[in-house]
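Engineer:
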Amino acid sequence: MAAESFAGWSPSAIEGLLPTARLGRYERGEMVKREDDGAPEVLLVLSGHMLASRLYPDDSRVPVFIFNPGNVASIQARLDNEKHAIYAYEAHDSTSVLHLSAQLVVERLDATPFLWKAMAKVVVKQHRSIASTLLNFQSGNTRQRLAATISRLARIYGVDDDTRNLRLRLSQDDLAAMLQVTRRSINGEMRALEAQGLVRSEYNAVTVLDLQALRSLHGDA
Numbered sequence: 003m004a005a006e007s008f009a010g011w012s013p014s015a016i017e018g019l020l021p022t023a024r025l026g027r028y029e030r031g032e033m034v035k036r037e038d039d040g041a042p043e044v045l046l047v048l049s050g051h052m053l054a055s056r057l058y059p060d061d062s063r064v065p066v067f068i069f070n071p072g073n074v075a076s077i078q079a080r081l082d083n084e085k086h087a088i089y090a091y092e093a094h095d096s097t098s099v100l101h102l103s104a105q106l107v108v109e110r111l112d113a114t115p116f117l118w119k120a121m122a123k124v125v126v127k128q129h130r131s132i133a134s135t136l137l138n139f140q141s142g143n144t145r146q147r148l149a150a151t152i153s154r155l156a157r158i159y160g161v162d163d164d165t166r167n168l169r170l171r172l173s174q175d176d177l178a179a180m181l182q183v184t185r186r187s188i189n190g191e192m193r194a195l196e197a198q199g200l201v202r203s204e205y206n207a208v209t210v211l212d213l214q215a216l217r218s219l220h221g222d223a
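So this is what it looks like as structure tokens:
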């Protein structure tokens, strides 16, 4: 459990979460957790990738984020008593997730306030990306929105402006769902970005070749 969110936790503090924890293994498309179903949980991705989607009252959903191994999800559900936003989490590929009691996690954080710092940094970073994704649905053309989505995910997963290459496990179907456009539209825009030397499209993946140029394309340099 060497996730960034749990940096600084003592072995005894972590062990205190384990009696009520459960390990789930999921294949692509299987539901891991809906925040409107059951007790709040904190989800720690151990392997594979997990897709988060914003849920709406009509049960429609918008994919907004992909969690990598070591990422923590859904702690905000325990803190948002008014349910301003509800998310569903599903396996993006073969995925292992540790389900932790959100109540126990928050109680431990409250008992040792300095532990909140690492957790808060991760949660704020994730939700800034989610907010940007939802905002991008309303601004820019498809190419600009696509560039913004890819560059944002690249930054979240450890690429700075001086690092040129990063492979993201992200299919064109995933990007089409995130941007709410057709796969054909994404395919055309990806070809345009490839022609500019910004990305390389692979099977179920995208390699970022020039992050700074992607950011500039969306006006986020």
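First residue of the sequence shown? That's 3 in our numbering, and the numbers climb one at a time after it.
We treat Cβ as the ideally placed atom computed from N, Cα and C, and that holds for glycine.
One question on the structure: do Leu103 and Arg27 come within less than 7 Å of each other, judged by their Cβ atoms?
Structural biologist: Looking at the sequence itself, residue 103 is Ser, so the reference to Leu does not match. Not closer than 7 Å, so no.
Engineer: Using the DSSP secondary-structure output, state which residues sit across from Glu92 in a beta bridge.
Structural biologist: Looking at the DSSP assignment, Glu92 forms a beta bridge with Met33, Leu53.
Engineer: Rounded to a whole number of angstroms, what is the C-alpha to C-alpha distance between Arg63 and Glu32?
Structural biologist: Rounded to the nearest angstrom, the two C-alpha atoms are 15 Å apart.
Engineer: Given a cut-off of 7 Å on the beta-carbon distance, is the pair Ala156 and Leu168 in contact?
Structural biologist: It is a contact, given that the beta carbons lie within the stated cut-off.
Engineer: What does the alpha-carbon distance come out to for the pair Gly2 and Leu195?
Structural biologist: No answer is possible for residue 2: the residues shown for the chain start at 3 and end at 223.
Engineer: How is Ala223 classed by DSSP in three states: helix, strand or coil?
Structural biologist: Low per-residue confidence applies at Ala223: pLDDT is 47, beneath 50, and the placement is therefore not dependable, though the value from the model is reported in the following sentence. Three-state DSSP puts Ala223 in coil, outside helix and strand.
Engineer: Just reading off the alpha helix (DSSP H) that Arg193 is part of, what are its end residues?
Structural biologist: That run of the alpha helix (DSSP H) goes 185-197.
Engineer: If you compare alpha carbons, which of Thr184, Arg171, Ser49 is closest to Ser241?
Structural biologist: With the chain running from 3 to 223 in the structure shown, residue 241 is simply not present.
Engineer: If you draw a straight line from the alpha carbon of Ser7 to that of Gly18, how long is it in whole angstroms?
Structural biologist: Ser7 and Gly18: Cα-Cα distance of roughly 16 Å.
Engineer: So, under 8 Å CB-CB, Pro42 and Met180 are touching, yes? Tell me the CB distance rounded to an integer number of Å.
Structural biologist: With 8 Å as the limit, Pro42 and Met180 do not qualify as a contact, their Cβ atoms being about 25 Å apart.
Engineer: What residue range is occupied by the uninterrupted alpha helix (DSSP H) comprising Ile16?
Structural biologist: Residues 13-17.
Engineer: Along the chain, where does the alpha helix (DSSP H) that runs through Ala178 open and close?
Structural biologist: Start and end: 174-181.
Engineer: How about the segment 117-135 and the segment 9-23: do they share at least three Cβ pairs that are nearer than 8 Å?
Structural biologist: Counting Cβ pairs under 8 Å, three or more are found: they touch.
Engineer: What are the boundary residues of the alpha helix (DSSP H) that Ala207 is part of?
Structural biologist: Run containing Ala207: none in the alpha helix (DSSP H); it sits in the beta strand (DSSP E), 207-210.
Engineer: Using only CA atoms, which one of Asn189, Arg145, Ala90 lies nearest to Ser218?
Structural biologist: Nearest of Asn189, Arg145, Ala90 to Ser218, Cα basis: Arg145.
Engineer: Val34 and Phe69 - do their beta-carbons sit closer together than 7 Å?
Structural biologist: Cβ distance not < 7 Å, so Phe69 and Val34 don't count as in contact.
Engineer: Are Pro94 and Met52 closer than 7 Å when you measure CB to CB?
Structural biologist: Here residue 94 turns out to be His, not Pro, going by the sequence shown. Contact: yes.
Engineer: To the nearest angstrom, how far is it from the Cα of Met192 to the Cα of Arg24?
Structural biologist: Distance between the alpha carbons of Met192 and Arg24: 40 Å.
Engineer: Could you check if Gln2 is buried or exposed, using at least 16 other CB atoms within 10 Å of its CB as the buried criterion?
Structural biologist: This structure cannot speak to residue 2, because the chain is shown only from 3 to 223.
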